[in-house]
RNA sequence: GCGAGAGUGGCGGAAUUGGCAGACGCACCAGACUUAGGAUCUGGCGGGUAACACCGUGGGGGUUCGAGUCCCCCCUUUCGCACCA
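Residue numbers (this note's numbering): 32 to 891.
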């Protein structure tokens, strides 16, 4: 241990001060136990899959090795660790692993800054953070540690990539991509936030045209969406975010024939609409500026070119600014027409900057009367607004000349079609079904589902990532690296540059290769994989971390999966959690696993904030875990992060709060040190059935506390109230000091309550638990001790206080035996002097007796 | 604009099904122990009153014997989504 973490030690206290109380110094205690625990590498190892115990896989999201843990990590891991320890004590076979999401850009940036190779920098950070985790006492099985930047891990990324390529799930295409000039690389759509890079919130993302590798996540979109409904133990918030991200939209594609001669782009325009029922109100067609037909139209009408360039430019700028939603709508009339297949009407074709090529078909029918955007556009360019749907408030068609702005039903559920030929009189819903059927029958349309989600672009023009195992042969074209040549190793010696393009392209030894098909010259793919590939399946690797012949052993994975409890930040609600669901489904289809979803339960903890704001270096409100450990110890730091707020809410870090927890642990420590008498002949004896009232009170509180905490673990996870309950128990014990001094508490009970108190505390404060367990004369490993059972009979109150209300207002409290009859409680209430006074001279109308809760007397 | 949370003492937060509002902790106040206290122990601590009464869970209505909790309307706030056709 570094000296900096032990500001105070036992030896600081001069021994010639005998009057001084036994003080609580966590540092030496924690360091002692940390050393003991580290000497036993199997302490937290799970049983083999043949175990007779029920499996429980508890997992916290693995960190990026930035160099130091922050409080968010501590909170995340404190929750997982408490759960893991509890499940161990409940007798489960617990898998509780940890690893490192170790590829990524910061390593390259650090390399530029400090002239340290990314690998060295990363491994150094991992070592430092692992040390912090050990100091915090987290119960990880380090024998299953996974580090994604090491070849024994990333070779399986490559293997999966090849398998996906075989299955047609990995493909290469030229496309518009999001480019972060700061990162000098491509970003996935999921990594663009408000038009800016997720890593550089100030940097606008540019659009570039590049050849990229994609994973066909869209093949799995219907299942990814449908299975969200089965994830009932995931937060609704996360499921909603994923639903929005997937963005399912049910509608129809409808073909509008082009008037005149067809060009290379065909003789029709296919539009996607969710409101086919409004098609009789379509008064124009709007094309995205990039629509293939636009080229044909420009040939016919070269004057368009300037306008189209302008529209394209406006759209690109708006997209880069993240303000696509606020774009000033512009369009240009092409002079061409298309035919509405429902009524054979000639409809003018426009090109508009608010129509996007990458959604639907890149062409829409514009219905100004029933779509706000179309309406704005129509007003601007003076296009016809034709009402075809009315709210169903009357069977009558609208009078000609009705003020259109007032009655425009942009969306209306209970509605009536008008001006729509044979479909007049139908409701909205009926019309959508009938008109889609009509279009299908006549061959000009089809029911279609469109998704907002796109395929996952995984190419990155960076060095510190998994090399994509592909070759480009002059003769054979794209050739996958044969499986037996994996891993494609990342070269160690490399100049990192911030220039555009892949750094690997500058390493001839890497780039130049032989084609495995023809033996001729080939060039290696120099892009690396998005680091989200690494984290998409890492939790499977934990089940067989050292396996050299496969990504994991399917039998082991099938034993451990799905993860019983996954815990992490809500910031991963979309990226990581959707990619890893996709990966799981692909692996299932490959026959590697049986589960379709990675995690049974997901818990997203709240953020740790300080002074009402997120901790950040800029704000200067960062609290370092190391400082907290040095001041108050790991137990107090961890326990405070569980005590200060329910785990799903944001937590405002207050150092005085940590001090309070530290004070509490000191109280526990002093009590046990004072009252432990393991050498006493009756120490391990049975608690007598008959107890004095004082002893009975302690016993009752103990069993109530066990019940409360067990209940919290099995249910709501409100550890703040669990810890409060332990505090109450300890307060009760301090309150009994004089009774103990008088010998009114049997030594057997005193032993029992202390043992169970330590067991209850163990998931939250493992160091103090271990220390006091040995103070009590126990030699077993606390973690493997059974969780205390509560006896409802012992937890029951003998006498209870019942509030008595008169007309709903509290007037008195009566004390009655806990099992009193309703009659008895009622009579006791009426006999109470204060109640009598409140009722004086009034007539009793009604008496409500809630057994064990309260009495309410209604008088008049 | 749409969707999901949240709003309770000076502060963090309790109140699992409608049943004593404020558990537990922090801060503060007082006392004890002490050469000393920033240690420890004990007590107090929503407003109000001499004490009662009374008033108090963002605001306004409602249901109920009884509402922080259920229903309706509104305000504030956090987060997510947002020309997605």
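Here a beta-carbon is modelled for each residue, glycine too, at the ideal position from N, C-alpha and C.
Selection from the options that minimises the alpha carbon distance to residue i
{"i": "residue 520", "options": "113, 167, 186, 108", "result": "186"}
{"i": "residue 474", "options": "288, 367, 324, 657", "result": "288"}
{"i": "residue 856", "options": "864, 866, 845, 865", "result": "845"}
{"i": "residue 784", "options": "148, 821, 591, 465", "result": "821"}
{"i": "residue 663", "options": "717, 147, 799", "result": "799"}
{"i": "residue 583", "options": "117, 183, 73, 115", "result": "183"}
{"i": "residue 360", "options": "345, 370, 369", "result": "345"}
{"i": "residue 164", "options": "851, 763, 111, 460", "result": "111"}
{"i": "residue 254", "options": "222, 192, 610", "result": "610"}
{"i": "residue 232", "options": "632, 188, 213, 797", "result": "213"}
{"i": "residue 711", "options": "691, 807, 103, 666", "result": "807"}
{"i": "residue 84", "options": "115, 103, 65, 125", "result": "125"}
{"i": "residue 206", "options": "321, 739, 655", "result": "321"}
{"i": "residue 331", "options": "347, 295, 307, 306", "result": "295"}
Three-way DSSP call (helix, strand, coil) for residue i in this model
{"i": "residue 69", "result": "helix"}
{"i": "residue 469", "result": "helix"}
{"i": "residue 435", "result": "Summary for residue 435: the model assigns pLDDT 49, below 50, so the residue's position carries little reliability; its value from the coordinates is reported in the next sentence. Here residue 435 sits in helix by DSSP."}
{"i": "residue 617", "result": "helix"}
{"i": "residue 317", "result": "strand"}
{"i": "residue 865", "result": "helix"}
{"i": "residue 656", "result": "helix"}
{"i": "residue 426", "result": "Because the pLDDT of residue 426 is 47, which lies under 50, any placement of that residue in the model is unreliable, and the number read from its coordinates should be weighed accordingly. Looking at residue 426 - three-state DSSP - the assignment turns out to be coil, as it is neither helix nor strand."}
{"i": "residue 875", "result": "strand"}
{"i": "residue 287", "result": "strand"}
{"i": "residue 84", "result": "coil"}
{"i": "residue 396", "result": "strand"}
{"i": "residue 346", "result": "helix"}
{"i": "residue 160", "result": "helix"}
{"i": "residue 527", "result": "coil"}
{"i": "residue 42", "result": "Annotation note: pLDDT 33 at residue 42 (below 50); position unreliable, no value reported."}
Buried versus exposed, by CB contacts within 10 Å (16 or more), residue i
{"i": "residue 292", "result": "exposed"}
{"i": "residue 177", "result": "buried"}
{"i": "residue 703", "result": "buried"}
{"i": "residue 70", "result": "exposed"}
{"i": "residue 765", "result": "exposed"}
{"i": "residue 264", "result": "exposed"}
{"i": "residue 453", "result": "exposed"}
{"i": "residue 491", "result": "buried"}
{"i": "residue 811", "result": "exposed"}
{"i": "residue 506", "result": "exposed"}
{"i": "residue 337", "result": "exposed"}
{"i": "residue 881", "result": "exposed"}
{"i": "residue 707", "result": "buried"}
{"i": "residue 318", "result": "buried"}
{"i": "residue 566", "result": "buried"}
{"i": "residue 107", "result": "buried"}
CB of residue i within 8 Å of CB of residue j, strictly
{"i": "residue 451", "j": "residue 311", "result": "yes"}
{"i": "residue 593", "j": "residue 636", "result": "no"}
{"i": "residue 283", "j": "residue 400", "result": "no"}
{"i": "residue 534", "j": "residue 570", "result": "no"}
{"i": "residue 641", "j": "residue 684", "result": "yes"}
{"i": "residue 512", "j": "residue 561", "result": "no"}
{"i": "residue 55", "j": "residue 696", "result": "yes"}
{"i": "residue 646", "j": "residue 127", "result": "no"}
{"i": "residue 189", "j": "residue 518", "result": "yes"}
{"i": "residue 302", "j": "residue 335", "result": "no"}
{"i": "residue 538", "j": "residue 527", "result": "no"}
{"i": "residue 921", "j": "residue 732", "result": "The shown model of the chain, from 32 to 891, leaves out residue 921, and the question about it has no answer."}
{"i": "residue 778", "j": "residue 714", "result": "yes"}
| On the three-pair Cβ rule with 8 Å, is the segment 485–504 touching the segment 543–554? | yes
| query | Any contact of the segment 389–405 with the segment 480–495, i.e. 3+ C-beta pairs under 8 Å? | reply | yes
| query | Do three or more CB pairs link the segment 751–760 to the segment 668–675 at distances below 8 Å? | reply | yes
| field | Three CB pairs or more closer than 8 Å across the segment 191–207 and the segment 137–157 | value | no
| query | Is the segment 790–798 close to the segment 766–774, with three or more CB pairs under 8 Å? | reply | no
| said: Any contact between the segment 371–385 and the segment 396–412? By contact I mean 3 or more CB pairs, one from each, below 8 Å. | reply: yes
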